[in-house]
Amino acid sequence: MKLDQSFYQRNDVTKIARELLGKGLFTRFSGKTTGGTIVETEAYSNSERGCHAYQNRMTRRNEMMFGDGGHAYVYLCYGIHNLFNIVTNGAGEADAVLIRALEPLEGVQFMMKRMNVKSERRITSGPGKLTKALGIDRSFNGDPLWSKHLWLEDVGQFIPAGDIVRSPRIGIDYAGKDALLPWRFTVKGNSWLSK
DNA sequence: TAGAGGATTGAT
DNA sequence: TCAATCCTCTAC
20 MKLDQSFYQR NDVTKIAREL LGKGLFTRFS GKTTGGTIVE TEAYSNSERG CHAYQNRMTR
80 RNEMMFGDGG HAYVYLCYGI HNLFNIVTNG AGEADAVLIR ALEPLEGVQF MMKRMNVKSE
140 RRITSGPGKL TKALGIDRSF NGDPLWSKHL WLEDVGQFIP AGDIVRSPRI GIDYAGKDAL
200 LPWRFTVKGN SWLSK
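Following this line, the structure appears as structure tokens:
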């Protein structure tokens with residue numbers, strides 16, 4: 020069952036980031052479905068320096084973060100990688116969850132083809148890689164997450180609280196002390212986590 | 001309008 | 001450890 024928009028519109032981005040673990044993220048083009056279960060997320064909120072919308076600073080790039088929860092925020096990182104975020108909270112509240120890793124579930128062969136690799140090993144173990152494997156690019160920026168080409172779904176997987184690990188977020192040293200916030204959530208011992 | 005740098009990745 | 005690579009954002 021696809022996740023309802025009310026799931027995303029709650030005013031608690033770290034709670035949503037935690038609950039997204041075990042949920043399915045899928046894309047479907049030309050009759051081919053690809054996707055997997057989320058095993059690594061990071062929360063970003065307008066109240067801290069790691070966030071593109073810190074202090075509600077709106078730019079052309081991040082304006083989608085200010086929209087309604089339940090939409091995609093996709094941007095280009097290092098000129099090479101598309102990073103996929105889920106916008107949360109209500110309109111005007113710029114919070115988002117970065118999806119950092121998936122455990123492959125559907126269309127593995129097709130994802131391997133997109134990645135141009137012969138092994139399924141680590142094809143979705145990083146934020147730039149999973150977007151490529153699923154065919155997500157910046158043209159998806161602002162799209163709703165219940166469409167027929169891109170959606171999140173409850174696949175019936177339950178992650179016990181004891182299997183969820185909190186740690187500081189990756190690659191945001193510029194955020195000063197906010198880089199220490201334990202807002203990265205991972206599934207303990209999962210072999211598909213990013214490096 | 002020029003210049004700096006980034007929520008990464010894979011190779012050395 | 002380092003280059004790839006191209007917007008976006010900021011300052012002038």
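Residue 20 is where the first sequence starts when you use the numbering used here, and the numbers rise one by one after that.
Where is the CB? At the ideal position from N, CA and C, for every residue including glycine.
C-beta atoms of Gln24 and Gly89 nearer than 7 Å: What you label residue 24 is simply residue 5 of the first sequence in a count that begins at 1. What you label residue 89 is simply residue 70 of the first sequence in a count that begins at 1. Less than 7 Å divides the Cβ of Gln24 from the Cβ of Gly89.
Between the CA atoms of Leu117 and Trp211 - distance to the nearest angstrom: Residue 211 sits at position 192 when you count from the first residue of the first sequence. Residue 117 sits at position 98 when you count from the first residue of the first sequence. Spanning the two alpha carbons is a distance of roughly 16 Å.
Specify the secondary structure class of Thr205 as computed by DSSP and reduced to three states. Residue mapping note: residue 205 aligns to position 186 of the first sequence, counting from 1. Collapsing the DSSP output to three states places Thr205 in a strand.
Is Val32 helix, strand or coil when you go by DSSP? The sequence position of residue 32 within the first sequence is 13, counting from 1. For Val32, the secondary structure class from DSSP, reduced to helix, strand or coil, is helix.
Rounded separation between Ile178 and Gly43 - CA only: For the purposes of this step, residue 178 is identified with residue 159 of the first sequence, where counting begins at 1. For the purposes of this step, residue 43 is identified with residue 24 of the first sequence, where counting begins at 1. Distance from the CA atom of Ile178 to the CA atom of Gly43, rounded to whole angstroms, is 13 Å.
Work out the CA separation of Thr60 and Ala36 for me, nearest whole Å. Numbered from its first residue, the first sequence carries residue 36 at position 17. Numbered from its first residue, the first sequence carries residue 60 at position 41. If you take the alpha carbons of Ala36 and Thr60, they lie about 6 Å apart.
Shortest alpha-carbon distance to Lys51 belongs to which of Ile183, Ser158, Gly208 and Met130? Taking the first residue of the first sequence as position 1, residue 51 is located at position 32. Out of Ile183, Ser158, Gly208 and Met130, Met130 has the C-alpha closest to the C-alpha of Lys51.
Considering Phe103, what are the terminal residues of the beta strand (DSSP E) in which it resides? Translated into positions along the first sequence, residue 103 becomes position 84. Segment His100 to Thr107, the beta strand (DSSP E) holding Phe103.
Report the rounded CA-to-CA distance for Arg157 versus Tyr94, giving the unit in angstroms. Residue numbering aside, residue 157 sits at position 138 when the first sequence is read from its first letter. Residue numbering aside, residue 94 sits at position 75 when the first sequence is read from its first letter. The straight-line gap from Cα to Cα measures roughly 6 Å.
Cutoff 7 Å; reference Pro163; Cβ partners in own chain excluding five residues on either side: As a first step, residue 163 is located in the first sequence; it is residue number 144 there, counting from the start. Gly89 and His90, listed in sequence order.
Does the stretch 140–154 touch the stretch 67–78, meaning 3 or more C-beta pairs lie closer than 8 Å? Too few Cβ pairs lie closer than 8 Å, so no.
Would you say Leu124 and Thr46 are within 7 Å of each other, going by their C-beta atoms? Stepping through the first sequence from its first residue, residue 124 is reached at position 105. Stepping through the first sequence from its first residue, residue 46 is reached at position 27. Taking C-beta atoms as the reference points, Leu124 and Thr46 fail to come closer than 7 Å.
In three-state terms, what does DSSP make of Ser158? Against the first sequence, residue 158 aligns to sequence position 139. If DSSP states are grouped into helix, strand and coil, Ser158 belongs with the helices.
If you follow the beta strand (DSSP E) that Gly54 is part of, which residue opens it and which one closes it? Your numbering for residue 54 matches position 35 in the first sequence. Counting along the chain, the beta strand (DSSP E) containing Gly54 begins and ends at Lys51 to Ser64.
In angstroms with no decimal places, state the Cα-to-Cα distance between Asp197 and Ser49. Here the question's residue 197 lines up with position 178 in the first sequence. Here the question's residue 49 lines up with position 30 in the first sequence. In this model, Asp197 and Ser49 are separated by some 42 Å (Cα to Cα).
Of the choices Ile105, Ile155, Ala120 and Ala115, whose alpha-carbon is the least far from that of Arg133? Your numbering for residue 133 matches position 114 in the first sequence. Nearest C-alpha to Arg133: Ile155.
Between the Cα of Leu169 and those of Arg29, Asn81, Arg68 and Phe103, spot the shortest distance and give me the residue it belongs to. As a first step, residue 169 must be located in the first sequence, where it is residue number 150. The alpha carbon of Leu169 has as its nearest neighbour, out of Arg29, Asn81, Arg68 and Phe103, the alpha carbon of Phe103.
What first and last residue would you give for the beta strand (DSSP E) that runs through Leu117? The sequence position of residue 117 within the first sequence is 98, counting from 1. From DSSP, the beta strand (DSSP E) with Leu117 extends over Asp114 to Glu125.
Quick one: Cα of Val174 to Cα of Gly41, how far? Taking the first residue of the first sequence as position 1, residue 174 is located at position 155. Taking the first residue of the first sequence as position 1, residue 41 is located at position 22. Answer to the nearest angstrom: the Cα atoms are 8 Å apart.
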